[in-house]
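Reading the sequence shown from the start, the letters are residues 1 to 176 in full-length UniProt numbering.
Shown next, in structure tokens, is the structure this report addresses.
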Amino acid sequence: MAVGAQKVLVIYDARKGICTSAARSSLDGLSLTSGDELTLLGLLRLDTLRYYTKCGDFHQQANDGIIREIEITEEEYQKKFELLQLHKLFEVNKINLNIFLVPTRSTKVFGVQAAKRMNATWVILDRKVKKDRQYFLENLSCGISRLKRGGSVEQFRGPKPERKRSCISYDEMIPH
Numbered sequence: 001m002a003v004g005a006q007k008v009l010v011i012y013d014a015r016k017g018i019c020t021s022a023a024r025s026s027l028d029g030l031s032l033t034s035g036d037e038l039t040l041l042g043l044l045r046l047d048t049l050r051y052y053t054k055c056g057d058f059h060q061q062a063n064d065g066i067i068r069e070i071e072i073t074e075e076e077y078q079k080k081f082e083l084l085q086l087h088k089l090f091e092v093n094k095i096n097l098n099i100f101l102v103p104t105r106s107t108k109v110f111g112v113q114a115a116k117r118m119n120a121t122w123v124i125l126d127r128k129v130k131k132d133r134q135y136f137l138e139n140l141s142c143g144i145s146r147l148k149r150g151g152s153v154e155q156f157r158g159p160k161p162e163r164k165r166s167c168i169s170y171d172e173m174i175p176h
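Shown next as structure tokens:
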């Protein structure tokens with residue numbers, strides 16, 4: 001990956017389907033170029049999964065349900081023609097495209113952790129995740145936007161400029 005390459009993270013509710021419009025918008029709106037990276041992070045909220053029951057063997061049923069939900073969603077993604085076109089578009093432009101599905105209890109906490117882990121320069125939230133906007137603004141220094149209904153992107157904040165640390169030699173610190 002090139003020096004200064006952009007790393008864009010799109011966080012979306014995976015139950016609503018893959019967020020290809022955000023990927024297309026970021027390609028144009030953020031001027032992604034060769035060597036940049038776009039990650040689509042589909043979050044499956046654990047408390048909304050249909051298999052989340054309170055029975056005697058709770059953990060096994062919940063785990064089986066989560067695994068099955070992810071498998072179903074991945075199968076749907078593989079069959080989606082629009083996603084295949086998106087892969088080809090990013091491949092032609094030599095932009096890395098990653099897609100992850102993750103079960104989580106807290107979309108905002110996991111989203112912030114994922115953005116920090118990948119050193120994201122920009123985070124795009126889908127409409128369902130936007131309610132956690134303030135949490136993202138407080139915990140991330142990168143640019144933050146949200147996907148609007150028509151597929152356009154609304155910017156909340158651009159990337160914060162990095163503070164330049166000035167190096168002062170020991171001799172300069174001592175008054176003469």
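Where a beta carbon is used, it is the ideal one built from N, C-alpha and C, also for glycine.
All of these numbers come straight from a predicted model, not from anything done at the bench.
- For R24, the uninterrupted alpha helix (DSSP H) run begins and ends at T20 to G29, by DSSP.
- Just so you know, the alpha carbons of F100 and A23 end up roughly 14 angstroms apart.
- P103 sits away from L30, with the two beta carbons spaced by 7 angstroms or more.
- Counting along the chain, T107 sits inside the alpha helix (DSSP H) bounded by residues T107 to R117.
- Where L84 is concerned, the enclosing alpha helix (DSSP H) starts and stops at F81 to V92.
- Of all C-beta pairs linking the segment 2-13 to the segment 69-76, fewer than three are shorter than 8 angstroms, placing the two stretches out of contact.
- The Cβ atoms of V8 and C19 lie no closer than 7 angstroms to each other.
- Here Q134 carries a helix assignment [DSSP, helix/strand/coil].
- Close CB contacts of L125 within its chain, under the 6 angstroms cut and outside five residues either way in sequence, are with I11 and R146 (chain order).
- In this chain, the beta strand (DSSP E) harbouring I99 covers N96 to T104.
- Contact between I144 and V112 is absent: CB atoms are separated by about 11 angstroms, not below the 8 angstroms threshold.
- Selection E76, L140, S34 and E154 evaluated against K16 yields E76 as nearest (Cα-Cα).
- A115 and P175 have their C-alpha atoms roughly 44 angstroms apart.
- Taking the Cβ atoms as the reference, L38 lies roughly 7 angstroms from L32, within the contact range of under 8 angstroms.
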